[in-house]
Amino acid sequence: MSVVVSQLTKEFGEQKAIDNISFEAKKGEIIGFLGPNGAGKSTTMKIATCYIPPTSGTVTVCGYDIHTSPIEVRKKIGYLPEHNPLYVDMYVHEYLKFIGNLHGLRGKALKDRSDMMIGMCGLTQEQNKLIDSLSKGYRQRVGLAQALIHDPEVLILDEPTTGLDPNQLVEIRNLIQEVSKNKTVIFSTHIMQEVQALCSRVVVINNGHIVANDPLQELRTSNKKITKVTVEFSSPMDIELLRAVDGVNKVNQLSETKYALFSDKDQDIRQTVFQLAAKEGIPLIGINLEEESIEQVFHELTKPTE
Amino acid sequence: MYTVFIKEVNYFLNTLIAYIVISVFLTAIGLLMWVFPDTSVLSYGYSDMETLFSFGPYVFMFLIPAITMRMFAEESKNGTLELLFTRPLTDWQIILGKYFSAYFLVIFALIPTLLYYFTIYQLGSPVGNIDTPGVIGSYIGITLLGGVFTAIGIFSSAITSNQIIAFIVSVFMCFILYAGFSSLSVMNIWGGSASMIEQFGISYHYNAMSKGLLDSRNLIYFFSVSVFMLLLTKLIIGSRKW
Numbered sequence: 006m007s008v009v010v011s012q013l014t015k016e017f018g019e020q021k022a023i024d025n026i027s028f029e030a031k032k033g034e035i036i037g038f039l040g041p042n043g044a045g046k047s048t049t050m051k052i053a054t055c056y057i058p059p060t061s062g063t064v065t066v067c068g069y070d071i072h073t074s075p076i077e078v079r080k081k082i083g084y085l086p087e088h089n090p091l092y093v094d095m096y097v098h099e100y101l102k103f104i105g106n107l108h109g110l111r112g113k114a115l116k117d118r119s120d121m122m123i124g125m126c127g128l129t130q131e132q133n134k135l136i137d138s139l140s141k142g143y144r145q146r147v148g149l150a151q152a153l154i155h156d157p158e159v160l161i162l163d164e165p166t167t168g169l170d171p172n173q174l175v176e177i178r179n180l181i182q183e184v185s186k187n188k189t190v191i192f193s194t195h196i197m198q199e200v201q202a203l204c205s206r207v208v209v210i211n212n213g214h215i216v217a218n219d220p221l222q223e224l225r226t227s228n229k230k231i232t233k234v235t236v237e238f239s240s241p242m243d244i245e246l247l248r249a250v251d252g253v254n255k256v257n258q259l260s261e262t263k264y265a266l267f268s269d270k271d272q273d274i275r276q277t278v279f280q281l282a283a284k285e286g287i288p289l290i291g292i293n294l295e296e297e298s299i300e301q302v303f304h305e306l307t308k309p310t311e
Numbered sequence: 004m005y006t007v008f009i010k011e012v013n014y015f016l017n018t019l020i021a022y023i024v025i026s027v028f029l030t031a032i033g034l035l036m037w038v039f040p041d042t043s044v045l046s047y048g049y050s051d052m053e054t055l056f057s058f059g060p061y062v063f064m065f066l067i068p069a070i071t072m073r074m075f076a077e078e079s080k081n082g083t084l085e086l087l088f089t090r091p092l093t094d095w096q097i098i099l100g101k102y103f104s105a106y107f108l109v110i111f112a113l114i115p116t117l118l119y120y121f122t123i124y125q126l127g128s129p130v131g132n133i134d135t136p137g138v139i140g141s142y143i144g145i146t147l148l149g150g151v152f153t154a155i156g157i158f159s160s161a162i163t164s165n166q167i168i169a170f171i172v173s174v175f176m177c178f179i180l181y182a183g184f185s186s187l188s189v190m191n192i193w194g195g196s197a198s199m200i201e202q203f204g205i206s207y208h209y210n211a212m213s214k215g216l217l218d219s220r221n222l223i224y225f226f227s228v229s230v231f232m233l234l235l236t237k238l239i240i241g242s243r244k245w
């Protein structure tokens with residue numbers, strides 16, 4: 006186990022930011038850390054990186070405890086804090102060397118590592134620019150490069166993809182995926198597609214409690230309640246016939262020839278709909294099963310409790 | 004600590020802060036010493052460096068807080084403090100790295116004034132008619148005073164994320180510590196404890212050293228005030244963990 010969070014609690018005054026949470030992360034796993042704003046994601050990450058101590062409980066990183074050997078823990082972790090703070094008055098290569106130096110890299114090893122990071126994160130063109138003059142996407146890459154410079158075993162990224170354009174998003178995602186092969190990656194995000202694209206496991210946190218800790222696939226299926234099928238015919242279809250299809254309990258007409266069918270049964274209604282269209286002689290030109298998206302699962306799990 | 008030190012020194016050099024600080028210090032002291040008739044050595048007629056050592060602390064009182072005010076305040080505002088504190092560094096390595104880089108700049112600003120010593124040495128009649136032990140004592144005194152001011156500056160930078168507040172607080176603290184205590188002690192209300200109050204201030208110990216007398220009590224005073232301020236800084240920096 007690379008990262009073990011056990012019974013972690015953090016109180017800020019009266020308020021409990023996180024309340025007795027425990028989870029584990031194995032090597033090679035990418036864990037998506039989800040939750041609404043203020044759920045305690047950043048706090049957990051700050052504790053794991055020894056920036057602030059917990060009120061109780063502990064985190065161990067590669068066998069080192071944050072209370073007893075914080076320096077060792079920090080050596081094992083590559084951390085990209087929220088909002089990606091950078092020394093904007095430094096040059097890109099200078100900055101990476103500075104961070105590498107803090108991690109004890111010297112001389113040739115330092116130069117090799119920082120050159121490698123510059124290549125890997127696509128900063129070759131920008132390496133001699135001031136960080137101040139870089140765009141957000143490039144800054145984010147610099148942030149990622151500094152987190153990776155010492156080849157850490159554990160990578161903790163606090164919202165690494167906020168504010169990036171769709172192309173940059175894909176690039177950063179690929180980068181994370183590429184480096185994650187023999188590391189443990191924990192990253193927090195608000196973007197659900199990202200979770201779907203990257204994570205092997207999802208930890209959902211709400212109000213300081215863990216509300217789900219499942220592999221991505223299970224999380225989806227275990228919460229599956231209603232399936233939605235949108236169908237399109239070449240000419241209008243009698244809505245009553247659609248309602249009569251076995252398993253369908255609600256039909257919405259979306260446009261003249263387009264309908265949304267809802268079903269709460271496990272069976273796949275697409276087949277029956279297809280047969281119906283054939284029988285009626287109305288060509289079916291589109292049929293699409295929408296699985297309940299991870300977004301809906303997220304809404305479900307993080308509903309405010311009354 | 005070395006890495007942080009180098010980074011801060013590079014920052015001073017890259018952003019021109021170092022050149023501005025050194026040139027402002029030397030210009031101010033140079034004008035006072037050689038040009039302004041009220042304080043000029045040339046019109047004063049005695050071959051000593053009293054001007055440098057009596058005005059130096061007042062120039063430092065503004066310059067040093069200006070150097071140190073960004074040390075922690077800027078970083079905590081930009082969030083880079085989190086970056087620094089999540090690297091394999093102890094709090095002390097960060098504090099001392101920053102402290103010594105600012106102190107280094109202060110000492111660097113003082114070095115060219117050795118030329119003044121050489122000039123006055125040559126201008127003396129007969130040549131070399133200058134109180135050399137007194138000058139050495141004063142140089143040690145002003146160097147230690149710079150160390151105390153730097154520690155105060157680092158401390159006030161740590162208590163706030165606003166650089167202007169850090170600057171004003173440290174100027175005020177430097178002023179009280181340097182001139183405040185000795186001025187307060189002459190008030191007629193202290194009775195027997197007046198001399199004790201005077202000894203809290205820097206100027207008492209500083210003046211004693213400028214006579215060329217290196218008393219261990221004075222040295223201990225300077226060291227302990229610096230260390231005390233740095234300990235307070237550590238306490239403030241560590242308070243995020245409370």
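Residue numbers (this note's numbering), protein chains in the order written: chain A, 6 to 311; chain B, 4 to 245. All C-beta atoms, glycine included, are put in the ideal place defined by N, C-alpha and C. Just so it is clear, the structure is predicted and the values come from calculations on it, not from any experiment.
Under 8 Å (Cβ pairs) to chain B, residues found in the stretch 105-137 of chain A: Those residues of the stretch 105-137 of chain A that come within reach of chain B (Cβ to Cβ, closer than 8 Å) are 106, 107, 108, 109.
Nonlocal neighbours in the same chain, by C-beta distance under 7 Å from residue 126 of chain A, ignoring five residues either side: 146, 149, 150, 180
Residues bridged to residue 35 of chain A [DSSP beta-bridge criterion]: A/190, per the DSSP bridge assignment.
Chain B within 7 Å of residue 92 of chain A, Cβ atoms only: yes
Partners in chain A for residue 88 of chain B, counting only beta-carbon separations shorter than 7 Å: Simply 56.
Residue environment, residue 220 of chain A, which counts as buried when at least 16 other CB atoms sit within 10 Å: Looking at its Cβ environment, which holds fewer than 16 other Cβ atoms inside 10 Å, residue 220 of chain A is exposed.
C-beta neighbour in chain B for residue 103 of chain A, strict 7 Å: yes
Span separating the alpha-carbon of residue 189 of chain B from that of residue 198 of chain B: Rounded to whole angstroms, residue 189 of chain B to residue 198 of chain B spans 9 Å at the Cα level.
Interface flag, residue 255 of chain A vs chain B, CB-CB below 7 Å: Not a single CB atom of chain B sits nearer than 7 Å to the CB of residue 255 of chain A.
Residue 162 of chain A, DSSP secondary structure in three states: In this structure, residue 162 of chain A counts as strand in the three-state DSSP scheme.
The alpha helix (DSSP H) enclosing residue 3 of chain B, as first and last residue numbers: Outside the displayed range of chain B (4 to 245) lies residue 3 of chain B, so it cannot be described from this structure.
Interface residues of the stretch 75-88 of chain A facing chain B [CB-CB below 7 Å]: 76, 79, 80, 84, 86, 88
Collapsed DSSP secondary structure at residue 111 of chain A in the structure displayed: Residue 111 of chain A: coil per DSSP, three-state reduction.
Contacts around residue 216 of chain A, its chain only, beta-carbon distance under 6 Å, and the 5 residues preceding and following it disregarded: Result list for residue 216 of chain A: 209, 306, in chain order.
Distance, residue 128 of chain A Cα to residue 140 of chain A Cα: 12 Å
DSSP-derived helix/strand/coil call for residue 6 of chain B: helix
Start and end residues, alpha helix (DSSP H) containing residue 160 of chain B: Per DSSP, residue 160 of chain B is one residue of the alpha helix (DSSP H) stretching across 135-161.
Local Cβ density within 10 Å of residue 114 of chain A, reported as buried at 16 or more and exposed below that: Exposed, because fewer than 16 other Cβ atoms sit within 10 Å of the Cβ of residue 114 of chain A.
Sequence-distant residues of the same chain with beta carbon closer than 6 Å to residue 185 of chain A, five excluded per side: 35
Proximity below 7 Å, CB of residue 231 of chain B to CB of residue 204 of chain B: no
Contact set for residue 253 of chain A: own chain, Cβ-Cβ below 8 Å, skip 5 residues either direction: 247, 266, 267, 268, 274
Residue 10 of chain A to residue 23 of chain A span [Cα, whole Å]: 12 Å
Closest by C-alpha distance to residue 143 of chain A, when choosing among A/19, A/161, A/118, A/172: A/172
Touching by the beta-carbon criterion (3+ pairs, under 8 Å), the stretch 233-252 of chain A and the stretch 278-298 of chain A: yes
Proximal residues to residue 28 of chain A (C-beta, below 6 Å), its chain only, five neighbours per side dropped: Closer than 6 Å at Cβ, skipping near neighbours: 10, 208, 218.
For residue 17 of chain B, the three-state DSSP class (helix, strand or coil): Here residue 17 of chain B sits in helix by DSSP.
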